[in-house]
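In short: position in the sequence shown from 1, add 144, done, that's my numbering.
Only one structure is covered here, and it is reproduced in the block below.
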Amino acid sequence: MPAPKFDVCQWNVQNPHASGPLHIPLIVLCNTPDEEIEANIRANTALDLPWLTGIDEHAGIAVMVGGGASVEDHIEDIRRFVAEGATVFAMNAASQYLRKHDIAVDWQVTCDAKEETAGLVDPAARGHLFASHVNPVTMAAAPSPTVWHSALHANEDWFPPAKKKRGGYALLGGEASTGLGALCVAYCLGFRRLEIFGYDSCHRGDQSHAYEQRMNGAIPVMEFSWAGRTFQTSITMRTQAERFPIAAQALQQAGCTVNVWGDGLLQHIWLTPPENLAERDKYVRMWQLDAYRTYSPGEVTASTFLALMKIEGTGPVIDFGCGTGRGGLALARAGLDVTLTDFVSSARDQDAMGLPFLEWDLTLPCPLRSPYGYCTDVLEHIPPGQVEAVVVNIMASAETVFFQIATVEDSFGAFIGQPLHLSVHDHEWWLDLFTTMGLQVIDDRRGATESIFIIHRR
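The structure is reproduced here in structure tokens:
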């Protein structure tokens, strides 16, 4: 079996008697081991149950209902859609919640692999759409559920050979949560109008859901800010909120109308106009795009850094604005002791999660210290009024820093309607900046689209 996928995020805790916050790295694993996921899929696909197959698009309305607290504000809106003939998809325990409000549920959807999810099954729902990787106890709790397959979890080699050969099933995306998976399920069932309720992905006061959800009571809660608002959320809720725009935009490109109701973190992320995004918000969105992750300047430039810096021993080295972390990985594989830092933790590739990491905004003084720094494809992204402060903060953390700076406009900002390269200058401009700031320029090299500088703190 391959190594389990995991994420590492940062939890900042401020002791009232401390001068600064404590930055605690949290390792986030899937709540079910890979071998258990495989066993679940093998057991569930062997059952004589219908599998979800694609249906031609139609004019029906899919009302998608999550358990967020804001769903309480829109019960009458949901009733109105039901009166118009809409089909109701309820996530997990939202099914029981809707029925308590006398709203019939057409499909209860779940994809959580924990055995305790069986306690959320609503036998009174008209139908059940359960992912093939749920625990068999969950599958058995519903009368004749329809099985769908997550592209993230389902390995077709685990299917019975006859069913795999027969085909006719779909491997669906939206793997970050039941809510996102359900959007793909609805699309597969031919719906092209999605009315989405209760996908808040945050707490309202001390409520994580519109109803009591004891199984989530022990999950750590953290603050998360987006476009000027701060929300209380969990790691899994935050992940759903960050990934929703990518899933929703893909559905729109496939011909769907996506309407999001409520006032939670997910809704705020989705509805914030591009021009209102803070710098960090822009990159949370960008790093969700596979195309943006394809090219890593740090990885490409690592060999130049090693050749020019000629570091003896293990460094250490700070990779400022590490992005995917592939540059830092290349330096670590060359024997250097590398610490990554970026203001978006989700930028990192899976392989880079094992390196030390600090989530940090370089416009603020950085607590890291090292004799060497590595900073590629960063300074051109800094707003003009903050460039000098970022250089000051980097040079306060590392004595000698290798900078690679793009000197041309970017092409990826069009994806979110905002430019990414905000400080585009030629080689001489950057050379003059470093010199004027009283820094020692040890080496500088001019390329067609980028410049390289090795800068020492005097």
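Note that CB positions come from ideal geometry on N, CA and C, so glycine has one too.
Quick caveat, the model's predicted, so the values are computed rather than measured.
- Reducing DSSP to helix, strand and coil, say where Leu273 ends up. strand
- Task: Could you name each continuous beta strand (DSSP E) segment of 3 residues or more that falls completely within the region 190-218, going from the start of the chain to the end?
- Result: 205-209
- Measuring CA to CA, which of Met497, Ala476 and Glu503 is closest to Thr485? Glu503
- So who's on the other strand from His293, going by DSSP bridges? Leu315
- Message: Under 8 Å, with one C-beta from each stretch per pair, do the region 397-406 and the region 330-346 reach the 3-pair mark?
- Response: A contact exists between the region 397-406 and the region 330-346.
- Query: In or out: Gly472 buried (at least 16 other Cβ within 10 Å) or exposed?
  - Reply: buried
- the region 368-382 in contact with the region 421-439 per 3-pair CB rule at 8 Å: yes
- Among Ser541, Glu532, Ile538 and Gln252, nearest to Asp576 - alpha-carbon criterion: When the alpha-carbon of Asp576 is set against those of Ser541, Glu532, Ile538 and Gln252, the nearest one is in Glu532.
- Query: What are the start and end residues of the beta strand (DSSP E) that includes Met235?
  - Reply: Thr231 to Met235
- Query: Residues bridged to Leu338 by DSSP?
  - Reply: Ala206 and Val402
- Query: What are the boundary residues of the alpha helix (DSSP H) that Asp434 is part of?
  - Reply: Asp434 to Arg437
- Anticipated Cβ contact below 8 Å, Asp250 with Arg270, distance rounded: Confirmed, Cβ separation roughly 5 Å.
- Query: Buried or exposed: where does Leu415 fall if 16 or more other Cβ atoms within 10 Å of its Cβ makes it buried?
  - Reply: exposed
- Message: Does Ala435 pass the burial test, meaning 16 or more other C-beta atoms within 10 Å, or should it be called exposed?
- Response: exposed
- Query: Which residue or residues does DSSP assign as beta-bridge partners of Val253?
  - Reply: Met235 and Leu273
- Message: For His347, count the other beta carbons within 10 Å of its own beta carbon; 16 or more makes it buried, fewer makes it exposed. Which is it?
- Response: buried
- Taking Ala442 as part of the alpha helix (DSSP H), name the residues at either end of that continuous run. Looking at the sequence shown, residue 442 is not Ala but Gly. It spans Pro441 to Met453 - the alpha helix (DSSP H) in which Gly442 sits, taken as one unbroken run.
- Based on the DSSP output, what are the partners of Cys519 in its beta bridges? Phe464 and Phe547
- Message: Helix, strand or coil for Trp370? Go by DSSP, reduced to three states.
- Response: Of the three classes helix, strand and coil, the one that applies to Trp370 here is strand, per DSSP.
- Task: Give the range of the beta strand (DSSP E) segment to which Arg492 is assigned.
- Result: Per DSSP, Arg492 belongs to no beta strand (DSSP E) and is neither H nor E.
- Item | Contacting residues, own chain, Cβ-Cβ under 6 Å from Gly467 (five flanking each side not counted) | Ala491
- Query: Taking the continuous alpha helix (DSSP H) assigned at Arg470, which residues delimit it?
  - Reply: Arg470 to Arg477
- What did DSSP end up calling Leu583 once you bin it into helix, strand or coil? coil
- N- and C-terminal bounds of the alpha helix (DSSP H) containing Leu327: Thr322 to Cys332
- Task: Would you mind reading off the limits of the alpha helix (DSSP H) that contains His353?
- Result: Segment: none, His353 is in no alpha helix (DSSP H) and carries neither H nor E.
- Between Gln584 and Ile538, what straight-line distance do the alpha-carbon atoms span, to the nearest angstrom? Using only the alpha carbons, I get a separation of about 14 Å.
- Query: Can you tell me whether Ala592 is buried or exposed, with buried defined as 16 or more other CB within 10 angstroms of its CB?
  - Reply: exposed
- Task: Could you check what DSSP says for Ser541 in three-state terms: helix, strand or coil?
- Result: When secondary structure is reduced to three states using DSSP, Ser541 falls in the helix class.
- Item | Assumed close pair Leu196, Thr261 - CB separation to whole angstroms, cut-off 8 Å | No, Leu196 and Thr261 are not in contact; Cβ-Cβ is about 19 Å, not under 8 Å.
- C-alpha gap between Tyr343 and Ile596, whole angstroms: 46 Å
- Buried or exposed for Leu499, please, with buried defined as at least 16 other CB atoms from any protein chain shown within 10 angstroms of its CB. buried
- Simplified DSSP state of Arg602, which is helix, strand or coil: coil
- Task: Could you check what DSSP says for Asp588 in three-state terms: helix, strand or coil?
- Result: strand
- For Ala275 versus Trp292, is the C-beta spacing smaller than 7 Å? yes
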